[in-house]
Amino acid sequence: MGIRTLIVDDEPLARRGLELRLAKHADIEIVGQAGNGRQAFHAVSNLRPDLMLLDVQMPGIDGFELLRALPATQIPLTIFVTAYDQYALAAFAASALDYLLKPVDDARLDESLDRARARLAERKAEDHYERLLKLIATLPNAADLKLDELPSDDTAHVPGKLTIKDGSRLVRIDIDTIRWIDAAGDYMCIHAGSETHVLRGTMHDLERRLDPLRFARIHRSTIVNVARVKEMRPHHNGEYFLVLDSGQELKLSRSYRDKLRLLT
20 MGIRTLIVDD
30 EPLARRGLEL
40 RLAKHADIEI
50 VGQAGNGRQA
60 FHAVSNLRPD
70 LMLLDVQMPG
80 IDGFELLRAL
90 PATQIPLTIF
100 VTAYDQYALA
110 AFAASALDYL
120 LKPVDDARLD
130 ESLDRARARL
140 AERKAEDHYE
150 RLLKLIATLP
160 NAADLKLDEL
170 PSDDTAHVPG
180 KLTIKDGSRL
190 VRIDIDTIRW
200 IDAAGDYMCI
210 HAGSETHVLR
220 GTMHDLERRL
230 DPLRFARIHR
240 STIVNVARVK
250 EMRPHHNGEY
260 FLVLDSGQEL
270 KLSRSYRDKL
280 RLLT
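In this note's numbering, each residue's number is its place in the sequence shown (first place is 1) plus 19.
Printed below as a string of structure tokens:
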């Protein structure tokens, strides 16, 4: 699914120029265009874009007034695109992602879009964590899976499988199907194939049961199957995002980066 993008500028040629530049990016989906602030207000409300390229000076409602008028929950990531450099300070005060001067430099636009990708991936990770907490909150206590109750005898160890205990029932998960494991509080989720197994326990306990040559800790709350990593995208402060073969994006903390490089 692409980054839903709205172009807002009162000059048709400027909108066309941005449209052509954005067309070079396969993950950018232009969902609409607006020629003034009032049109943009309705477009944001109806289209809910992820990203907005916004001019400052427009007839009627200008770019800053538009951001003030929008509900906070509807404001997309915003890149200001303008011919005037005197608004830069105000733009960043309004939490703009970036501030580009016309004529737009392709390299600077690419850099801004990379920022947008990273920020959206961050939001996606945060949303996933919140959904995980809500899922856990709905679980009845009796259905909790407890790692500390895993049997230690040889019957629990099967090559190529991770064995967990659900009450009195043993569940064996094919190691190759595990994409990643994340934690929230005292719980963990093992994402394997189309299923998610929710466990009570610690990442340390689970990490001891996994092959360290195949699975790597990439964050204090995330373990990834290295074979499932398709791409590594740079983020700020020395951090990266890993893109899995399923399209899922996971944050790689700087403190775990070198360890992952040894495995890849």
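Beta carbons are placed, not taken as given, at the ideal position from N, Cα and C, and that holds for glycine.
Owing to the predicted nature of the structure, the values given are computational and were not obtained by experimental measurement.
Taking all protein chains in view, the Cβ of Tyr206 is crowded by 16 or more other Cβ atoms within 10 Å, so the residue is classified as buried. Under DSSP, the beta-bridge partners assigned to Ile98 are Leu72 and Asp117. Put simply, the backbone Cα of Glu141 is about 8 Å away from that of Leu269.
Taking the Cα positions, Arg247 is about 6 Å away from Arg198.
Gly82 is a Cβ neighbour of Phe99, given a cutoff of 8 Å.
Met251 and Ser240 do not touch by the CB rule: their CB atoms are close to 19 Å apart, not below 8 Å. Assignment of Pro122 by DSSP, reduced to helix, strand and coil, places it in the coil class. Residue range Pro31 to Leu41 is occupied by the alpha helix (DSSP H) that includes Leu32.
Residue pairing by DSSP leaves Val63 without any beta bridge partner. Apart from the 5 residues on each side of it in sequence, Gly36 has no Cβ closer than 6 Å to any other Cβ in its chain. Residue state for Arg23 is assigned as strand, using DSSP reduced to three classes. In this structure His210 is buried. Its beta-carbon is surrounded by 16 or more other beta-carbon atoms within 10 angstroms.
For Ala53, the enclosing beta strand (DSSP E) stretches over residues Ile47 to Ala53. Annotation: His223 is outside any beta strand (DSSP E); the continuous alpha helix (DSSP H) that includes it extends over Met222 to Arg227. Per DSSP, the beta bridge partners of Val190 are Ile183. Annotated three-state conformation of Tyr275 is helix, per DSSP. For Arg87, the uninterrupted alpha helix (DSSP H) run begins and ends at Gly82 to Ala88, by DSSP. Its Cα nearest to that of Ser213, the residue Gln267 stands out among Arg219, Lys249, Arg127 and Gln267. If you look at Thr241, you'll find it in the beta strand (DSSP E) that goes Thr241 to Asn244.
A Cβ-Cβ distance of about 4 Å is found for the pair Thr101 and Val75, placing them in contact under the 8 Å criterion. If you ignore the 5 residues before and after Arg127, its C-beta comes within less than 6 Å of the C-beta of Leu119, all in its own chain and listed in chain order. Within the same chain, Val63, Ser64 and Arg67 come within 8 Å of Gln93 by CB-CB distance, once the 5 residues on both sides are set aside.
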